[in-house]
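Asks:
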C-alpha cells in the first residue's frame with residue numbers, strides 16, 4: 001500500500017523575490033490532496049514591453065484542481081495576492097484570508113469581473129481542509145493583518161511564515177504572537193518555510209514607531225508644501241504620516257488610485273483609526289502652503305502615478321515648486337533605480353527639495369534581518385529549514401545560516417522542486433514544469449508566446465514591412481512597398497534604405513521558380529531574407545521583417 005507523504009512545492013517565489021505561489025500536498029504520490037498558499041505577481045520591465053504583471057504558471061495544480069482544497073493568503077501585498085483574480089477562478093477552490101486582505105482581493109475581483117468563493121476569517125482563525133489543520137498566527141510586517149500559517153498534519157507540523165519582521169512597537173496592529181511560536185517549538189515543529197529577503201542584512205529591520213517619530217520632526221521643519229510618498233499598502237506608515245501632519249497643523253490630501261483603494265479597505269475593515277480626515281485635491285490647492293501635506297503614490301517612479309505627474313507638472317490639481325519638499329518614505333526596489341532617479345531630477349528641476357531614506361530615518365524594511373531570523377528560529381525550533389522568498393543567493397545563505405543556528409537540516413528550493421518533508425529526511429523527489437504567465441492587456445500568455453517574442457524583437461531592432469502584389473503568374477505587378485518602423489530609414493551616408501530593400505526583394509522574387517512564386521511561404525521567406533540582408537549590411541542589426549502578399 002502506498003504511504004502518505006507531506007510535500008512542499010513552490011511554483012513561484014523560490015529563486016526570485018515576488019510572484020509567490022506555494023503548494024503543500026499530503027497523501028500517497030498518486031492521490032495527494034493539496035492546499036495553495038499565496039498567489040502573487042511580479043512586475044514587467046524593459047524586457048517585457050507592454051506587460052505590466054507576471055505570475056507563476058499554475059498548470060501543474062490546474063491539472064489537479066479536483067484535489068485542491070483551498071487557497072490561503074498570508075497578507076495583502078501584490079506579490080502574494082496580485083494573481084488571485086487572474087488564476088484562482090479557474091481553480092474552483094475557496095479562498096481564505098483575513099478581513100483586510102479579503103477586502104483588497106474583493107476589489108481586484110470587481111475590477112477583473114471575476115468571481116470566486118472568498119471567505120474572510122478572523123486573524124487567529126483555525127480551520128480544517130481535508131488532511132490539513134490550518135491556523136493563522138499573527139506576525140508583524142509592512143501591511144495590516146500579516147499572518148503566518150501553521151499547517152498541522154499526521155506527519156508533522158509546518159510553519160509557513162509568509163512575509164514578516166519582529167516589530168516590538170508597530171504603529172498599527174498587534175505585535176508578533178511569540179507565545180504561539182514558542183508553543184510550536186515546544187510541541188515539535190517539523191519544518192519552517194521562511195522569508196529570506198534580508199538574510200544578508202545584519203541586526204534588526206527597525207520599528208515603525210521610530211519612523212513615525214522621525215517623520216514628525218522632519219515634516220514639522222519644512223516651510224512650504226510637503227508631499228510624502230510611500231508604499232500605499234503600508235497602512236501603518238500612512239497613519240504615521242497623517243499623525244505627523246496633524247502635529248504640524250497640516251491637512252492631508254490623498255493622491256493616487258492605489259492609495260485611495262488601500263485607505264478605503266482599511267476604513268471598511270475598521271483598521272483605520274477613527275477621526276482621520278482628508279481634503280480633496282481641488283480643495284487642497286487653496287490651502288496655505290504650510291498647512292497642506294500630499295500623501296502620494298509613486299515611490300518607485302511609476303510614470304502614471306500621482307507623484308510622477310506632479311514632477312512633470314501635468315497634474316490637474318497639484319503643483320509643487322520652490323520652497324516645497326517631497327519625502328520618499330520608502331526604499332528603492334532593485335530594478336527601479338533609473339525611474340526613481342529621473343523622478344528625483346524632475347522634482348529638483350522644479351525647485352523642490354527631495355528627502356530620501358539616505359538623508360533621514362524615514363523608512364524601515366518589512367522583512368527580517370539576521371537578528372530577527374535568529375529570534376524566530378529560537379522560538380519555533382524547526383527540525384528542517386526551507387528558505388523561500390529570495391533569489392538563489394538569499395536562499396543558500398539562509399540555509400547555511402539556519403544550520404549555523406542549530407537547525408538539523410536545511411534545503412534551499414527552486415521553483416518546481418517537489419520536496420518531501422516527511423516521512424524521512426527532506427529530499428527533492430521530483431522537478432515539475434514551471435514557467436511564467438504574462439498579462440498582456442486582458443490576456444494571459446505563456447513565456448515564449450509569439451506576440452511577446454515579436455515585441456521583444458521590435459524593441460531591439462524595429463520592423464520592416466514589405467507589401468508585394470503578384471499577378472497570376474507570381475510576378476510582381478508593381479514595385480514592393482516598404483515601410484521602416486523603429487529602424488534607420490537611411491544608411492550612414494544618408495542613402496535611403498527603402499529603395500535598396502525594394503530592389504533586393506524584386507531581385508529575390510525574380511529568382512524564384514514558377515512553383516515557388518505561387519507558394520506564399522516561399523515568397524515570404526525570400527522577401528524576408530532579402531530585406532533583412534539589406535538592413536544588416538547597412539545598420540548591423542537584423543530587424544523583424546513582415547511580408548504582406550496580395551495576389552491579383
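Numbering (the UniProt record's numbering), first residue to last: 1 to 552. Cβ atoms here follow ideal geometry from the backbone N, Cα and C, with glycine treated the same way. Keep in mind it's a predicted model, so treat the numbers as computed, not measured.
Look at residue 380 and residue 159 and say whether their C-beta atoms are less than 8 Å apart.
Replies: Going by C-beta atoms, residue 380 is nearer than 8 Å to residue 159.
Asks: Looking at the secondary structure, which residues open and close the alpha helix (DSSP H) in which residue 242 lies?
Replies: Here the alpha helix (DSSP H) through residue 242 covers 235-247.
Asks: Leaving aside the five residues before and after residue 259 along the sequence, list all residues of the same chain whose C-beta is less than 8 Å from its C-beta, in chain order.
Replies: Closer than 8 Å at the Cβ level, and outside the excluded window around residue 259, lie 232, 238, 295, 296, 297, 306.
Asks: Under 8 Å, do residue 83 and residue 51 count as touching if we go by C-beta distance?
Replies: For residue 83 and residue 51, no; Cβs fall outside 8 Å.
Asks: Are the beta-carbon atoms belonging to residue 529 and residue 498 less than 8 Å from one another?
Replies: Result no, Cβ atoms of residue 529 and residue 498 do not sit closer than 8 Å.
Asks: When the Cα of residue 247 is compared with those of 235, 213, 14, which residue comes out closest?
Replies: Cα-wise, what sits closest to residue 247 is 213.
Asks: Where does residue 77 fall in DSSP's three states?
Replies: Note: residue 77 maps to coil in three-state DSSP.
Asks: Count the other CB atoms within 10 Å of the CB of residue 165; is the residue buried (16 or more) or exposed (fewer)?
Replies: Buried is the call here.
Asks: How big is the Cα-Cα spacing for residue 455 and residue 359?
Replies: Cα to Cα, residue 455 sits roughly 40 Å from residue 359.
Asks: Which residue wins for smallest C-alpha separation from residue 193, given the options 300, 411, 245?
Replies: If we check each option's Cα against that of residue 193, 411 comes out closest.
Asks: What residues in its chain sit with their C-beta under 6 Å from that of residue 371, if we drop five residues either side in the sequence?
Replies: Hits under 6 Å: 203, 204.
Asks: Measuring CA to CA, which of 450, 366, 473 is closest to residue 208?
Replies: Answer by Cα proximity: 366.
Asks: How long is the line joining the alpha carbons of residue 34 and residue 318, rounded to whole angstroms?
Replies: Whole-angstrom Cα-Cα distance: 50 Å.
Asks: How about residue 534 and residue 500: are their beta carbons less than 8 Å apart?
Replies: Contact flag set, yes.
Asks: With distances taken from CA atoms, which of 63, 88, 446, 57 is nearest residue 71?
Replies: Checking every option, the nearest Cα to that of residue 71 belongs to 88.
Asks: What is the C-beta distance between residue 384 and residue 327, in whole angstroms, given that I count them as a contact (C-beta under 8 Å)?
Replies: Not really, about 43 Å apart at Cβ, beyond 8 Å.
Asks: By the DSSP assignment, the alpha helix (DSSP H) with residue 210 in it spans what residues?
Replies: Per DSSP, residue 210 belongs to the alpha helix (DSSP H) from 208-220.
Asks: Nearest-angstrom Cα distance between residue 242 and residue 167?
Replies: Cα-Cα distance, rounded: 20 Å.
Asks: Can you name, in chain order, every residue of its own chain whose Cβ lies under 6 Å from the Cβ of residue 474, other than the five neighbours on each side?
Replies: Excluding residues within five positions, the ones whose Cβ falls inside 6 Å are 517, 518.
Asks: Quick one: what's residue 487 bridged to in DSSP?
Replies: Bridge partners of residue 487: none, in fact.
Asks: Can you tell me which residues form a DSSP beta bridge with residue 143?
Replies: DSSP output for residue 143 lists no bridge partner at all.
Asks: Terminal residues of the continuous beta strand (DSSP E) containing residue 436?
Replies: Start and end: 436-440.
Asks: Who are the Cβ neighbours of residue 542 in its own chain at under 7 Å, not counting the five residues just before and after it?
Replies: Closer than 7 Å at the Cβ level, and outside the excluded window around residue 542, lie 461, 532, 535, 536.
Asks: Do the stretch 85-99 and the stretch 46-64 make contact, defined as three or more Cβ pairs closer than 8 Å?
Replies: With the cut-off at 8 Å, the stretch 85-99 and the stretch 46-64 touch.
Asks: Report yes or no: do three or more beta-carbon pairs, one from the stretch 9-26 and one from the stretch 178-189, lie closer than 8 Å?
Replies: Touching, no.
Asks: Identify, in the order they occur along the chain, each residue of the same chain with its Cβ nearer than 8 Å to the Cβ of residue 284, setting aside the five sequence neighbours on each side.
Replies: Closer than 8 Å at the Cβ level, and outside the excluded window around residue 284, lie 251, 253, 292, 294, 317, 318.
Asks: Which word fits residue 98, buried or exposed, when buried means at least 16 other C-beta atoms lie within 10 angstroms of its C-beta?
Replies: So residue 98 ends up on the buried side.
Asks: According to DSSP, is residue 550 helix, strand or coil?
Replies: If DSSP states are grouped into helix, strand and coil, residue 550 belongs with the strands.
Asks: According to the neighbour-count rule (16 or more other Cβ atoms, all chains shown, within 10 Å of its Cβ), is residue 286 buried or exposed?
Replies: Exposed is the call here.
Asks: By the three-class DSSP mapping on this structure, what secondary structure does residue 510 have?
Replies: If DSSP states are grouped into helix, strand and coil, residue 510 belongs with the helices.
Asks: Between the C-alpha atoms of residue 125 and residue 75, what's the straight-line distance to the nearest angstrom?
Replies: One C-alpha to the other measures close to 14 Å.
Asks: Enumerate in chain order the residues of its own chain whose CB-to-CB distance from residue 25 is below 6 Å, with the five nearest sequence positions on each side excluded.
Replies: Correct list, in chain order: 7, 32, 34.
Asks: Using a Cβ distance threshold of 8 Å, determine whether the stretch 389-400 contacts the stretch 219-227, with at least three qualifying pairs required.
Replies: At 8 Å Cβ cutoff, the stretches do not touch.
Asks: For residue 11 and residue 434, what's the separation of their Cα atoms in angstroms?
Replies: If you take the alpha carbons of residue 11 and residue 434, they lie about 6 Å apart.
Asks: Is residue 336 helix, strand or coil when you go by DSSP?
Replies: Three-state result, residue 336: coil.
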